[in-house]
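Below is one structure; the comments refer to it alone.
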Amino acid sequence: MKKEIQFSLVYRDMWQSSGKYVPRKDQLAKIAPVIIDMGCFDRVETNGGASEQVNLLYGENPNLAVRTFCKPFNEAGIKTHMLDRGLNALRMNPVPADVRQLMYKVKHAQGTDITRIFCGLNDPRNIIPSIKWAKEAGMTAQATMCITYSKVHTAEYYINLAEQLIEGGAQEICLKDMAGIGRPAMLGTIVAAIKEKHPDIIIQYHGHTGPGFSVASMLEVAKAGGDVLDVAMEPLSWGKVHPDVITIQAMLKDAGFLVKDINMKAYMEARSLTQSFIDDFLGYWIDPKNALMTSLLVGCGLPGGMMGSLMADLKGMHAAINANLKKKGEKELSEDELLVQLFDEVQRIWPMLGTPCLVTPFSQYVKNAALMNLFSRSMGEKDFTRMDPAMWGMILGKSGKLPGELAPEIIELAKEKGFEFYTDDPQKLYPNVLPQYIKEMEELGWDRGQDDEELFEFAMHDKQYREYKSGIAKEQFNKDLAERMQKAGKEVPEELRKYIAAPQPATEAKEASADDMAAVAMALHLAQGKQHKEGIIELPFVHPTAWNNKYYTLK
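Structure below.
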């Protein structure tokens, strides 16, 4: 009898690996029945990750979007799943236990069947509590292993980790190959070992196409006994995103597996609708380079989905580094030269920082540390002198146990700064907060929402929820959209023209000092996070041109 392989359309991640935002509620309502008509999907990724936060950022209610998108799939018998960052839940920083527990009750009530629980450190302590809470809420708990390739992350390492997660109650296992650098043979070895001991455990593979291994990896996973493969579809497949279902279906069918047929008429309709969403507004935040694969990612291991933000950071830092080099009479760097230096630096410092899996948020931390090192060297400073509190939180153990050992110089630097390492359960650092949010909602006259979904969003995304409720988020988004449309040479709709700023008189520039440039550099993705003794609460992002409202010319 042929082995059946199921497909999951990662419609949420297709967008967030390509750009910033996800489709609106009305757009999701249009695409859902067409995805169902394609007839080849047993699962669809509908929400989670940053999708709900970006709904708030463009002034929309994420709870309505999740309910709207999940409902047609629930009715069609297609399982829905979400991405869940374990200790960090749906944000970039740790979340109190009572908010994490509430999340599963809310998401199950909204129609999400499966939660994919991951931790970028692969620390079971950050995953196993979520397994328990998800199952109590009626969800399927899919424990996730973040796949990467290093001396630490061997097949034996992952086989042992899977055992811990299954012992902790996991109903399914996901291999999350977020950078697509898992080697096909190793992935096959891992899947075969899990299946040999736990034949009834469903294994789902999620792999990105950036460095080029993903198609071979999917075949190896299938041959080893994998059950479900994550796929994408045009116009948001390939590049640094995911393989297209057409290719994977044809490959597996030829290899003797049982796979569902694709209704190509529905595929083309879904393709056209998705393109219309890109043309409507989502494309203004999609970096065209994300449509390209690159083997440069094999060595550094960075996920392709963060290349857009990485390049934006690189462009901002490029001028500052060259200004420093020019002052010293040294040769300036091209953007490509600086990019290669950054990849090399990530590869060098990654094991020094404990070899965390390069996935949100730890991929940003390692990339930021590498970029700051390049900047510091251009100023004649030592490495690791410009690490922000979030990076130190990871190093000190406040997000969990690092997979590898820290380099002696990092440990020594922590001691010099008077920092203490933390080895206990990281959840203990973040006390429960729901009572205070309930009290504030009562004082403000805000409704807690159906199944407490508004309470959940407020406690999960405090700053963004307040700005959504006040209307500030919608105003900021409209202004950003209008400016992007104008820059792209598109006609700005009448309702958005008020957001186009009138030309401003030239501001007298002054030459930036080293401290000025350092501050601008630190504002690149790192900006003024609120901190208290238990760790980071929020890490808002500030663009360097907004730093302190100062204007500089780099000479």
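Going left to right, the sequence shown walks through residues 1089 to 1643 as the numbering used here numbers them. The beta carbon of each residue, even a glycine, is placed where N, CA and C say it ideally should be. Given the structure is predicted, the values throughout are model-derived calculations rather than measurements.
| query | Residue ranges of each alpha helix (DSSP H) run of no fewer than 4 residues wholly in the segment 1502 to 1557, ordered along the chain? | reply | The segment 1502 to 1557 contains these whole alpha helix (DSSP H) runs: 1522 to 1532, 1541 to 1548.
| task | Please say whether S1139 and V1183 have beta carbons closer to each other than 8 Å? | result | 8 Å or more divides the Cβ of V1183 from the Cβ of S1139.
| message | Out of W1326, C1158, L1209, Y1146, which one is the CA nearest neighbour of S1106? | response | Comparing alpha-carbon positions, the option among W1326, C1158, L1209, Y1146 lying closest to S1106 turns out to be W1326.
| said: What I want to know is whether the C-beta of T1382 ends up closer than 7 Å to one or more non-hydrogen atoms of the ligand FMN. | reply: The ligand FMN is not among the ligands present in this structure, which contains no ligands whatsoever.
| query | Helix, strand or coil: which one does DSSP assign to I1078? | reply | This structure does not reach residue 1078, given that the chain is present from 1089 up to 1643, and the question cannot be answered.
| Beta-carbon separation (whole angstroms), Q1189 vs E1541, contact threshold 8 Å | Between E1541 and Q1189 the Cβ distance is about 14 Å, and since that is not below 8 Å, they are no contact.
| said: Buried or exposed, going by whether 16 or more other CB atoms sit within 10 Å of the CB of N1520? | reply: So N1520 ends up on the exposed side.
| request: Decide if N1378 is buried, meaning its Cβ has at least 16 other Cβ atoms within 10 Å, or exposed. | output: Result: buried.
| query | Taking the beta strand (DSSP E) that M1233 falls in, what are its first and last residues? | reply | Counted as a single uninterrupted DSSP element, the beta strand (DSSP E) harbouring M1233 occupies residues 1228 to 1234.
| query | For Q1292, which option in C1388, A1310, K1285 has the closest C-alpha, if you only look at C-alpha atoms? | reply | Closest option to Q1292, Cα to Cα, is A1310.
| field | Close Cβ partners of L1178 (< 8 Å) along its chain, the five nearest in sequence each way excluded | value | Around L1178: G1136, G1137, A1138, E1140, Q1141, D1172, M1191, M1548, H1549.
| query | Per DSSP, which one or two residues make a beta bridge with K1348? | reply | Secondary-structure assignment with DSSP links K1348 through no beta bridge to anything.
| said: Going residue by residue through the segment 1129 to 1195, where are the continuous beta strand (DSSP E) segments of at least 3 residues, counting only ones entirely within it? | reply: Counting whole runs of 3 or more residues, the segment 1129 to 1195 contains the beta strand (DSSP E) stretches 1129 to 1136, 1167 to 1172.
| message | Check whether the segment 1485 to 1494 and the segment 1199 to 1210 are in contact - that is, three or more C-beta pairs closer than 8 Å. | response | The answer is yes - the segment 1199 to 1210 touches the segment 1485 to 1494, with three or more Cβ pairs under 8 Å.
| query | How should A1217 be labelled, buried or exposed, when 16 other C-beta atoms within 10 angstroms of its C-beta is the threshold for buried? | reply | According to the sequence as given, residue 1217 is Pro; it is not Ala. It is buried - the Cβ of P1217 has at least 16 other Cβ atoms within 10 Å.
| Collapsed DSSP secondary structure at E1420 in the structure displayed | In this structure, DSSP gives E1420 a state outside helix and strand, which the three-state scheme calls coil.
| Would you say the segment 1224 to 1234 touches the segment 1254 to 1262, given that touching needs at least three Cβ pairs under 8 Å? | Touching, per the Cβ criterion.
| Does DSSP put E1579 in a helix, in a strand, or in coil? | Of the three classes helix, strand and coil, the one that applies to E1579 here is coil, per DSSP.
| message | Please identify the residue among Y1146, D1332, M1399, Q1252 whose C-alpha is closest to the C-alpha of A1561. | response | Of the candidates Y1146, D1332, M1399, Q1252, the residue whose Cα lies closest to the Cα of A1561 is Y1146.
| task | Determine the direct distance from the alpha carbon of K1503 to that of H1286, and round the result to whole angstroms. | result | Straight-line Cα distance between these residues: approximately 45 Å.
| field | DSSP three-state assignment for T1335, whether helix, strand or coil | value | In the three-state DSSP reduction, T1335 falls in the helix class (H, G or I).
| message | My output table needs one value for D1342: the three-state DSSP class, helix, strand or coil. | response | In the structure shown, D1342 adopts helical secondary structure according to DSSP, grouped into three states.
| Helix, strand or coil for G1295 per DSSP? | Residue state, collapsed to three classes: strand.
| said: When you compare the CB positions of C1445 and T1236, do they come within less than 8 Å of one another, or not? | reply: The answer is yes: Cβ separation under 8 Å.
| Can you give the beta carbon distance from L1385 to P1299, rounded, assuming they're within the 8 Å contact cut? | A Cβ-Cβ separation of about 4 Å places L1385 in contact with P1299 under the 8 Å criterion.
| Top-ranked residue by Cα proximity to Y1518, from Y1372, N1214, E1133 | Closest by alpha carbon: N1214.
| field | Within-8 Å CB hit, E1163 to chain B | value | Here there is only one protein chain, and chain B is not present.
| field | Buried/exposed call for K1618, threshold 16 Cβ in 10 Å | value | Low confidence applies here, because K1618 scores a pLDDT of 36, under 50, leaving its location unreliable; read the following figure in that light. Exposed: under 16 other Cβ atoms inside 10 Å.
| message | According to DSSP, simplified to helix, strand and coil, what is E1493? | response | Under the three-state reduction of DSSP output, E1493 falls in the coil class, being neither helix nor strand.
| query | Helix, strand or coil: which one does DSSP assign to T1242? | reply | Annotated three-state conformation of T1242 is coil, per DSSP.
| request: Report yes if the CB atom of M1321 is closer than 8 Å to the CB atom of D1332, and no otherwise. | output: Between M1321 and D1332, the gap from beta carbon to beta carbon is short of 8 Å.
| Are L1307 and A1358 touching if we call contact CB-CB under 8 Å? | In this structure, L1307 sits away from A1358, with a CB-CB distance that is not shorter than 8 Å.
| task | Report the three-state DSSP secondary structure of Q1452 (helix, strand or coil). | result | Looking at Q1452 - three-state DSSP - the assignment turns out to be helix.
| Three-state class that DSSP yields for Q1094 in the structure shown | DSSP places Q1094 in strand when its eight states are reduced to three.
| query | What are the start and end residues of each continuous beta strand (DSSP E) run of 3 or more residues lying completely inside the segment 1252 to 1326, in chain order? | reply | Taken in chain order, the whole beta strand (DSSP E) runs of length 3 or more contained in the segment 1252 to 1326 are 1260 to 1265, 1290 to 1295, 1316 to 1319.
| message | Once the 5 residues before and after S1422 are set aside, which same chain residues still bring their CB inside 7 Å of it? | response | Excluding sequence neighbours, S1422 sits near nothing in its chain.
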